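Engineer:
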Amino acid sequence: MTHNSETQGHPAYKCGRLLAVIERIQSLAIGNPNATLTDRYYGSASTAPASVFGVLLRMTQPHLSKLRKQREGLAIALERDLQDAMPDQFPTTLSLTEQGLFALGYYHQRREFFTPRNTTAPASTGGED
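According to this note's numbering, the stretch in the sequence shown is residues -14 to 114, in order.
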């Protein structure tokens, strides 16, 4: 499967990206927890997103608040990542194919976090790869 605009816009793909963003926010706010959100919630988030993401987003707010006080610029960037990853709605369940899209979204977002940003180039509008 290619990394294209149809894939990037799919709710399952966006849910995967969203989980990676939420995990990143938690990690930056509280360091290295014993069990990450992903450790505890990946299975249910990748099969039944509607039942999990409300809880995860509620748990994320205190972490964002802490980051806003400590590193406001980072918090703003992470909130933008959160908004960009948000699907229009959370699917009730995901098929096996959609679970694959979820995994792609999750790992693509994680890769993006670890890829240095080129600060001299204009922001990409997507559609690469």
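We put the CB at the ideal spot given by N, CA and C, even for glycine. This one's a predicted model, so the numbers in the text were calculated from it and none came from an experiment.
State the DSSP-derived secondary structure class of Met44, mapped to helix, strand or coil.
Structural biologist: Three-state result, Met44: helix.
Engineer: Just to confirm the assignment, what range does the alpha helix (DSSP H) spanning Leu79 have?
Structural biologist: Run containing Leu79: none; DSSP gives neither H nor E here.
Engineer: Under the three-state reduction of DSSP, which class applies to Gly39: helix, strand or coil?
Structural biologist: In this structure, Gly39 counts as helix in the three-state DSSP scheme.
Engineer: Would you mind reading off the limits of the alpha helix (DSSP H) that contains Gly16?
Structural biologist: No alpha helix (DSSP H) contains Gly16, which DSSP labels as neither H nor E.
Engineer: Enumerate in chain order the residues of its own chain whose CB-to-CB distance from Asp66 is below 6 Å, with the five nearest sequence positions on each side excluded.
Structural biologist: Contacts found: Val6.
Engineer: Is Thr100 helix, strand or coil when you go by DSSP?
Structural biologist: Thr100 falls in the coil class under three-state DSSP.
Engineer: Leaving out five residues on either side along the sequence, give the residues of the same chain with a beta carbon under 7 Å from the beta carbon of Ser29.
Structural biologist: For Ser29, where only same-chain residues beyond five positions count, the Cβ hits under 7 Å are Ser36, Val37.
Engineer: Looking only at C-alpha atoms, which of Lys51, Glu97, Gln94, Gly39 sits nearest to Tyr26?
Structural biologist: Of the listed residues, the one whose Cα sits closest to Tyr26 is Gly39.
Engineer: Going straight from the alpha carbon of Leu4 to that of Gln55, what length do you get?
Structural biologist: Roughly 23 Å separates the two Cα atoms.
Engineer: Which residue's Cα is closest to the Cα of Arg43: Ala62, Gln11, His(-5)?
Structural biologist: Ranking the options by Cα distance to Arg43, first place goes to Gln11.
Engineer: Taking Thr77 as the reference, give the member of Ser31, Glu57, Phe98, Arg9 with the closest Cα.
Structural biologist: Thr77 has its Cα closest to that of Ser31, out of Ser31, Glu57, Phe98, Arg9.
Engineer: Compare the C-alpha of Met71 against each of Arg53, Gly(-6), Ser(-10) and name the closest.
Structural biologist: It is Gly(-6) whose Cα lies nearest to the Cα of Met71.
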